[in-house]
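Please read the structure below before turning to the comments.
Residue numbers (the numbering used here): 1040 to 1152.
This is the structure in structure tokens:
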């Protein structure tokens, strides 16, 4: 199950720097039906049952006109650690693929053994 923290006094940069210090060095994206790691050296795809989300940070803007951001810390079955970031910029955009992927990961890890 995911641990969640609401952070209102830290910036996105501070949260990403802390994640980097904790070994979360990769950047992930949700594309199509899966999670993708694309770096200079490799490109890998992951299904919801291939990842865990040990922590999620919700960074709230200072007022209603500022962006809210969610940073998901991701760990994969092959040992990769990185972040997946969603910035809510109050514009109309479709993040349903991201939300569906996160929900599938959460559902898988909430099932009793």
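All C-beta atoms, glycine included, are put in the ideal place defined by N, C-alpha and C. In this text the structure is predicted, and so the values were computed from the model without any measurement.
- For the putative contact between residue 1144 and residue 1087, defined by C-beta atoms under 8 Å, what is the C-beta separation to the nearest angstrom? Between residue 1087 and residue 1144 the Cβ distance is about 5 Å, and since that is below 8 Å, they are a contact.
- Task: Give every residue of the same chain whose Cβ lies closer than 7 Å to the Cβ of residue 1085, excluding the five residues on either side of it in the sequence, and list them in chain order.
- Result: Only 1073, 1074, 1115 meet the Cβ criterion.
- Nearest to residue 1098 by CA position, among 1079, 1138, 1062, 1124, is which residue? For residue 1098, the nearest C-alpha among the options comes from 1124.
- Message: To the nearest angstrom, how far is the alpha carbon of residue 1049 from that of residue 1122?
- Response: C-alpha separation (whole angstroms): 17 Å.
- Just the Cα atoms here: how many angstroms apart are residue 1069 and residue 1095? Here the alpha carbons of residue 1095 and residue 1069 stand approximately 16 Å from one another.
- Task: Ignore the nearest five residues each way along the sequence and tell me which others in residue 1078's own chain have a CB closer than 8 Å to its CB.
- Result: So the qualifying residues of the chain are 1065, 1066.
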